[in-house]
Every structure is written in structure tokens, then in C-alpha cells.
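>
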Amino acid sequence: MKKLSRWIVVLLLLWWCATAAFVVDETEYVVVTQFGRPVRTILEAGLQIKRPWPLESVLRYDSRMQVFETPAPTRPSDEFLTRDKKNVVVGTYTVWRIGRDEASLTRFLETMRDAELAETRLADLVVSELGATLGATDFAALATTDAGAWKWPELVGRIAHRCHQRASADYGIDIVDFQITRFIFPNQNRNAVFDRMRAERERIATRYRSEGEEEAAKIRSAARTRQTEILSQAEEEARRVRGTADAEATRIYGEAYSRDPEFYDFLRTLESYGKTFNPDTVLILSADSPYLRWLKEPPAPVPSSRPATRSAEKPSPLMTNGDAP
């Protein structure tokens, strides 16, 4: 009996000593507590030693990034009011983890104790910051087709920064990422949204039409200017050609007049007759009118100025050598 009692005591001592050794996994942080009070935090994985239970105990926390959504599946949709009193429904997701230092882990242990409570506190924090940010923003900056007026990226960055600051300072939690997953409108706001979108599309269309008309006016003005330039150049060229032609005609007339003034006068008179007389013309002139002189006395033919041909000097093909003079 004594021997059995001795073995039982040995086994209890071995078990008690075994509780002093524990392993920290790569996916967790460990807090060693002494009668419920944190005395040591362990952030590195590996085999660790503590005082045997019940002198010291181990609390394990997941060190991986975790995700939660707002609103939670069990909660109703969160509605927010914009600065211009428009209701909107917004859904988000947040990626978080416990801070990677002893102070953050200790703060998390003191304020949260577990991940479920941490996500509840974070959800309240996100909703609070989201409501404050949207309450200072006009509805037009949230629902617009104008990329320059769209404020969501700026707002998301601002909300994430504020949530990270408060969560780190109050709970020892790092906000890794924050994004908007849903942005819809209550039924009473949908018609107003559609009307605004149509108005924006019409405004953009009007701007494009105005720009098109302005560009068309510029093109027409440039075309008219170019047309004026071309016509001016063409008229100048036409005047130059007409001047050259008139000079050439004057030269030709002058040469013709100098060769035979009387024939030149006769030719000009005939041209005048052609322009003056037609089947219906009635012209009463005296018989000795100078205008009718060439009708009564045509000019005598002018001898040709070309040299006479020498065909008469050629012997006739019927003549023989004996007939030659």
C-alpha cells in the first residue's frame, strides 16, 4: 500500500511539472497569467516554460488577420444620414488583428478578452466613424457619375485611419484594411438618385454639345477665312491673266493696224455690224453715212506679200530637149 501511494505521488509530481512546459504555435500569441493577472506575453513560436498550474496559466490568442462585416448577418441594415439629410445604406468589411507588440497584447487582454467581444467593439467603432464622416458629406459626393466629384476613396481612407488610431490606442488592435462593400439607397431615395443621375447625364450632354458647336464654329470660321484667301488669290491671278491677255490683244491689234490700217478699220466695222444688226433691227441712216461706207465700197484686195512661186520656171513634162528654147 505504501508502494502504491509512493507511485501515485510520483505521477502527480510528474504531471504537475509537465504543466510547466507548453508550446506556442506560429498562429497565436500567449499571455501567461498568475492567478488571473497577466505577468508575461509571448509573441514568438516555440517551446516555453512557466510555473506549474495553478501558479501560472496560459491564455492563447489568434495572431492571424481576421475579417468581419458591418452590419453583421444578424443585425438590420445600417442607415446613415448625409449632410443634406439624405438616407443611405452602407455595408463594410474590416480586416483586423491583435497588435504585434507586448503593450498591444496586454491592452487587448485587459479590454477584450476574446475575438467575439473585439468584433462587437470594432463594429460599434466603424459605425460611429462612418456615421460621423457621412454626416459631414453631401449626398452628391457619394452618388455621382463625375469622377472628379466622387469622394468615396478619400472618405474610406479617412475612416480607416481614424478607426485604426482609436482601435490601437483603446483596444490594442491594428486595422489592416477597411472597404465599402455595399452602398444603396432606401426606397424613398431611389427616385431622387435616378433624377440626379439623369440631370448629370443631361448636363454632360449639354456640355459636349456646346463644345461641339464651339468647335464647329471655329472650323467654319477657319474655312471662311481660307475661302476668302483663296478667292482673293484667284481674283488677283485672274486680274493678272486678264491684264496679260489684254496687253497681248492690244499688241496684236496694233500689229494688225500697222500692217493694213484700212483692212483693220474694215474688220472692226464688220464686228460692229454683227453686234448692231439682227432680224428685228431698224436703222435709219443717210446713204452717205460713213458707217455704211464698207457696205457700198468694200476694200480692194491687198496683194500677197509672199514671194511668187517658181513653178513657171520648171520645164513642162511634155517638153523634150529639142523643144527647149
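So for the sequence shown, my numbering puts the first residue at 4; every next one is plus one. Glycine residues also receive a C-beta, built at the ideal position from the N, C-alpha and C atoms. Note that the coordinates shown come from a computational prediction; the quantities given were computed from them, not determined experimentally.
1) Going by DSSP, name the residue or residues bridged to Ile101.
2) What does the alpha-carbon distance come out to for the pair Ala225 and Ala241?
3) Nearest to Asp65 by alpha carbon, out of Lys53, Trp99, Arg54 and Gly94?
4) I'd like to check one pair, Asp87 with Phe142: are the Cβ atoms closer than 9 Å?
5) Measuring CA to CA, which of Leu84, Glu251 and Gly39 is closest to Ala135?
6) Does the separation of the CB atoms of Ala106 and Gly49 fall below 9 Å?
7) Relative to the C-alpha of Glu82, which candidate in Arg185, Ile287 and Thr279 has its C-alpha closest?
8) Got a sec, what are the start and stop residues for the beta strand (DSSP E) Ser292 sits in?
9) Return helix, strand or coil for Glu59, following the three-state DSSP convention.
10) How many Å lie between Asp263 and Gly246 at the Cα?
11) For Arg165, which residues from the same chain have a beta carbon less than 7 Å from its beta carbon, with the 5 sequence-adjacent residues on both sides left out?
12) Find out if the Cβ-Cβ distance for the pair Ile183, Val93 is shorter than 9 Å.
13) Once DSSP output is grouped into helix, strand and coil, what is the label at Val33?
14) Quick one: what's got a C-beta closer than 7 Å to Ala23's C-beta in the same chain, skipping five residues either side?
15) What three-state label does DSSP hand Leu120 in the structure shown?
16) Buried or exposed: Ile101, going by 16 or more other Cβ atoms within 10 Å of its Cβ?
17) Which whole-angstrom value describes the C-beta separation of Tyr96 and Val130, a residue pair presumed to lie in contact below a C-beta threshold of 8 Å?
18) Tell me the DSSP secondary structure of Arg229 in three-state form.
19) What is the residue span of the alpha helix (DSSP H) that Phe266 lies within?
20) Might you give, ordered along the chain, the residues of its own chain that have their beta carbon closer than 8 Å to the beta carbon of Tyr256, omitting 5 neighbours on each side?
21) Check whether the segment 23-37 touches the segment 105-125, taking contact to mean three or more Cβ pairs, one atom from each stretch, closer than 8 Å.
22) Do Asp149 and Glu203 have their C-beta atoms closer together than 9 Å?
23) Going straight from the alpha carbon of Ser319 to that of Glu258, what length do you get?
24) When the Cα of Thr73 is compared with those of Asp28, Arg124 and Asp117, which residue comes out closest?
25) Can you find the residues in the same chain that come closer than 8 Å, C-beta to C-beta, to Val159, ignoring five residues on each side of it along the sequence?
26) Determine the DSSP secondary structure at Asp141, reduced to helix, strand or coil.
27) If you run the structure through DSSP and keep just helix, strand and coil, what is Glu2?
28) Give me the Cα-Cα distance between Asp117 and Arg63, rounded to the nearest whole angstrom.
29) For Glu59, tell me which candidate among Arg67, Lys89 and Phe25 has the shortest Cα-Cα distance.
30) Within its chain, find whatever has a CB closer than 6 Å to the CB of His167; leave out the 5 residues flanking it on each side and keep chain order.
31) Pick helix, strand or coil for Pro156, following the three-state DSSP scheme.
32) Span of the beta strand (DSSP E) holding Leu46?
33) Is the separation between the beta-carbon of Leu128 and that of Arg169 shorter than 9 Å?
In short:
1) Reading the sequence shown from its first residue, position 98 is the one you call residue 101. DSSP, once it has assigned bridges, lists Ile176 as partnering Ile101.
2) Here the question's residue 225 lines up with position 222 in the sequence shown. Here the question's residue 241 lines up with position 238 in the sequence shown. So the alpha carbons of these two residues sit roughly 24 Å apart.
3) Walking along the sequence shown from the start, residue 65 turns up at place 62. Nearest C-alpha to Asp65: Trp99.
4) Walking along the sequence shown from the start, residue 142 turns up at place 139. Walking along the sequence shown from the start, residue 87 turns up at place 84. Contact: yes.
5) Position 132 of the sequence shown, counting from 1, holds the residue named residue 135. Comparing Cα-Cα distances from Ala135 to each of Leu84, Glu251 and Gly39, the minimum goes to Leu84.
6) Position 103 of the sequence shown, counting from 1, holds the residue named residue 106. Position 46 of the sequence shown, counting from 1, holds the residue named residue 49. The answer is no: Cβ separation not under 9 Å.
7) Numbered from its first residue, the sequence shown carries residue 82 at position 79. Nearest C-alpha to Glu82: Arg185.
8) Start at 1 with the first residue of the sequence shown, and residue 292 comes out as number 289. Element bounds for Ser292: n/a, residue is neither H nor E.
9) Start at 1 with the first residue of the sequence shown, and residue 59 comes out as number 56. Coil.
10) One-based indexing of the sequence shown puts residue 263 at position 260. One-based indexing of the sequence shown puts residue 246 at position 243. Each residue's Cα considered, the two are about 26 Å apart.
11) As a position in the sequence shown, residue 165 is number 162, starting the count at 1. Only Glu132 meet the Cβ criterion.
12) Along the sequence shown, one-based indexing puts residue 183 at 180. Along the sequence shown, one-based indexing puts residue 93 at 90. Yes, they are a contact pair.
13) The residue labelled residue 33 in the question sits at position 30 within the sequence shown. Three-state DSSP puts Val33 in a strand.
14) Position 20 of the sequence shown, counted from the start, is the residue given in the question as residue 23. Correct list, in chain order: Ile52, Lys53, Arg54 and Pro55.
15) To locate residue 120, count along the sequence shown from 1; it is residue 117. In this structure, Leu120 counts as helix in the three-state DSSP scheme.
16) The residue given as residue 101 occupies position 98 in the sequence shown. Ile101 is buried by the Cβ-count criterion.
17) On the sequence shown, position 93 is the one that residue 96 refers to. On the sequence shown, position 127 is the one that residue 130 refers to. Going by Cβ atoms, the distance from Tyr96 to Val130 rounds to 13 Å, so no, they are not a contact pair.
18) Against the sequence shown, residue 229 aligns to sequence position 226. In the structure shown, Arg229 sits in a helix (DSSP, three-state: H, G or I).
19) Residue mapping note: residue 266 aligns to position 263 of the sequence shown, counting from 1. Pro264 to Thr279 is the span of the alpha helix (DSSP H), which, as asked, contains Phe266.
20) In the sequence shown, residue 256 corresponds to position 253, counting from 1. Only Tyr267 meet the Cβ criterion.
21) yes
22) Residue numbering aside, residue 149 sits at position 146 when the sequence shown is read from its first letter. Residue numbering aside, residue 203 sits at position 200 when the sequence shown is read from its first letter. Closer than 9 Å, so yes.
23) Taking the first residue of the sequence shown as 1, we reach residue 319 at position 316. Taking the first residue of the sequence shown as 1, we reach residue 258 at position 255. In this prediction, Ser319 scores a pLDDT of 43, lower than 50, which makes its location untrustworthy; no coordinate-derived value is stated.
24) Mapped onto the sequence shown, residue 73 falls at position 70. Cα-wise, what sits closest to Thr73 is Arg124.
25) Looking up residue 159 in the sequence shown gives position 156. Answer for Val159: Phe181, Gln182 and Ile183, listed in chain order.
26) For the purposes of this step, residue 141 is identified with residue 138 of the sequence shown, where counting begins at 1. Coil, per DSSP.
27) Since the displayed the chain opens at 4 and closes at 328, residue 2 lies outside it and no answer follows.
28) Locating residue 117 in the sequence shown gives position 114, where the first residue counts as 1. Locating residue 63 in the sequence shown gives position 60, where the first residue counts as 1. For Asp117 and Arg63, the distance between alpha carbons rounds to 10 Å.
29) Position 56 of the sequence shown, counting from 1, holds the residue named residue 59. When each option's Cα is compared against that of Glu59, the closest is Phe25.
30) Counting from 1 along the sequence shown, the entry for residue 167 is found at position 164. Hits under 6 Å: Ile178.
31) In the sequence shown, residue 156 corresponds to position 153, counting from 1. Three-state result, Pro156: helix.
32) As a working mapping, residue 46 is identified with position 43 in the sequence shown. Here Leu46 belongs to no beta strand (DSSP E), and DSSP marks it neither H nor E.
33) As a first step, residue 128 is located in the sequence shown; it is residue number 125 there, counting from the start. As a first step, residue 169 is located in the sequence shown; it is residue number 166 there, counting from the start. Yes; because the gap between Cβ atoms is below 9 Å, this pair is in contact.
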